[in-house]
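J.: Everything in the sequence shown is counted per my numbering, starting at 1 for the first residue and increasing by one.
My questions all concern the structure below.
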Amino acid sequence: MQPELQLLNSSAQLVSSQQKVLRNTYMMLGLTMIPTVIGAWMGMSLNFSFMAQHPFLSMIGMLAVMFGMFMGISANRNNSLGVVLLLTATLFFGLMLGPILQAALHFRNGAQLIGMAAGGTGAIFLTLATIATVTKKDFSFLGKFLFVGLVMLILASIANIFFQVPAASLAISAIAIMIFAGYLLYDVSRIIHGGETNYVMATLSIYLDIYNIFVNLLNLLMALAGNRD
């Protein structure tokens with residue numbers, strides 16, 4: 001009986017640990033919305049003409065800054081500096097929302113489009129997080145497929161910087177929403193099944209999923225429902 005009791009205790013501790021990581025992740029995720037909103041508000045008043053004139057260089061610069069931040073967060077995941085760097089990164093991502101928010105607000109119904117994109121993103125997150133949590137299904141099998149899809153998405157996005165095909169831009173946004181929705185399932189499932197035990201890294205992963213869903217959903221809404229009249 002003693003080994004069985006130890007096994008039960010070990011299982012209970014594991015479940016408790018996973019629930020704690022998930023709870024802390026959601027709390028930190030809510031906190032990241034504050035610097036994101038502040039950054040977005042600041043970004044709407046900035047001049048992003050350089051990014052419009054030099055999209056490829058801007059993309060390279062943004063990727064360099066992002067990966068530098070990601071490395072810093074990963075290296076400090078177990079201390080308070082990791083939290084500070086995470087919040088700083090979300091402020092930066094908020095700033096980078098400036099161009100698309102400025103573009104959206106040029107539409108008569110721009111504020112409505114932004115609200116719809118935010119509401120749609122929230123609905124997607126709540127639905128998929130609930131599915132992953134309630135069903136407790138292990139979605140780790142999606143990892144390889146999602147990674148391949150992400151690489152192809154990045155390559156298609158880079159190619160479209162040069163070719164500027166509107167239809168391709170819409171297709172890329174639609175595919176991006178599906179890929180990052182898949183990553184939401186994957187990332188929440190990893191926490192539930194013990195694949196991710198650090199709430200700072202878990203928060204970063206889920207934040208990026210939500211961020212990319214919002215940006216691409218807003219891009220689709222502007223193209224399909226934007227009213228310039």
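Beta carbons are placed, not taken as given, at the ideal position from N, Cα and C, and that holds for glycine.
Measuring only the C-alpha atoms, how far is M51 from S169?
T.: 17 Å
J.: Mapping DSSP to helix, strand and coil, what is F56?
T.: Correct three-state label for F56: helix.
J.: Under 8 Å, do N24 and Y199 count as touching if we go by C-beta distance?
T.: In this structure, Y199 lies closer than 8 Å to N24 by Cβ.
J.: Quick test of your reading: N219 and I73, contact by CB under 8 Å. State the CB separation rounded to the nearest angstrom.
T.: With a Cβ gap of about 26 Å, N219 and I73 do not count as contacting.
J.: With a threshold of 7 Å on Cβ separation, who are the neighbours of K136 within its own chain once the five nearest residues in sequence on each side are excluded?
T.: I192
J.: If you drop the 5 nearest sequence neighbours on each side, which residues of the same chain put their C-beta closer than 6 Å to that of L142?
T.: G182 and Y186
J.: Does N24 get closer than 8 Å to chain B when you measure Cβ to Cβ?
T.: Reference to chain B is not applicable here, since this structure consists of a single protein chain.
J.: Tell me whether the beta-carbon of L46 lies closer than 8 Å to the beta-carbon of G98.
T.: yes
J.: Report the start-end ranges of each alpha helix (DSSP H) in the stretch 141 to 182 that is 4 residues or longer and not cut off at the edges.
T.: For the stretch 141 to 182, whole alpha helix (DSSP H) runs of length 4 or above, ordered along the chain, are 142 to 163.
J.: Counting along the chain, where does the alpha helix (DSSP H) carrying G115 start and finish?
T.: G110 to T135
J.: Beta carbon of S117, beta carbon of L208: below 8 Å?
T.: Contrary to the premise, residue 117 reads as Ala rather than Ser in this sequence. Not a contact, by the Cβ cut-off of 8 Å.
J.: Relative to the alpha-carbon of I161, which residue among L128, I131, H54 and V37 has its alpha-carbon at the smallest distance?
T.: H54
J.: Does the Cβ of N216 have 16 or more other Cβ atoms within 10 Å, making it buried, or fewer, making it exposed?
T.: buried
J.: What is the DSSP secondary structure of L85, reduced to helix, strand or coil?
T.: helix
J.: For my contact list, T32 and T90 are in at a C-beta cut-off of 8 Å; report their separation, rounded to the angstrom.
T.: 4 Å
J.: Suppose the cutoff is 6 Å on Cβ atoms and the five residues either side in sequence are ignored; what does the same chain contact list for G110 look like?
T.: The beta carbon of G110 sits closer than 6 Å to the beta carbons of A104 from its chain, once the five residues preceding and following it are set aside; these are given in chain order.
J.: Kindly indicate which three-state DSSP category M44 falls into: helix, strand or coil?
T.: coil
J.: For D209, report the span of its alpha helix (DSSP H) as first-last.
T.: Y199 to A225
J.: Can you tell me whether A233 is buried or exposed? The criterion is at least 16 other CB atoms within 10 Å of its CB, across all chains shown.
T.: With the chain running from 1 to 229 in the structure shown, residue 233 is simply not present.
J.: Classify D187 as helix, strand or coil using the three-state DSSP reduction.
T.: helix
J.: Would I158 be called buried (16 or more neighbouring beta carbons within 10 Å of its own) or exposed?
T.: exposed
J.: Just verifying my parser: in three-state terms, what is the DSSP assignment at L97?
T.: coil
J.: Identify whether L31 lies in helix, strand or coil by the three-state DSSP scheme.
T.: helix
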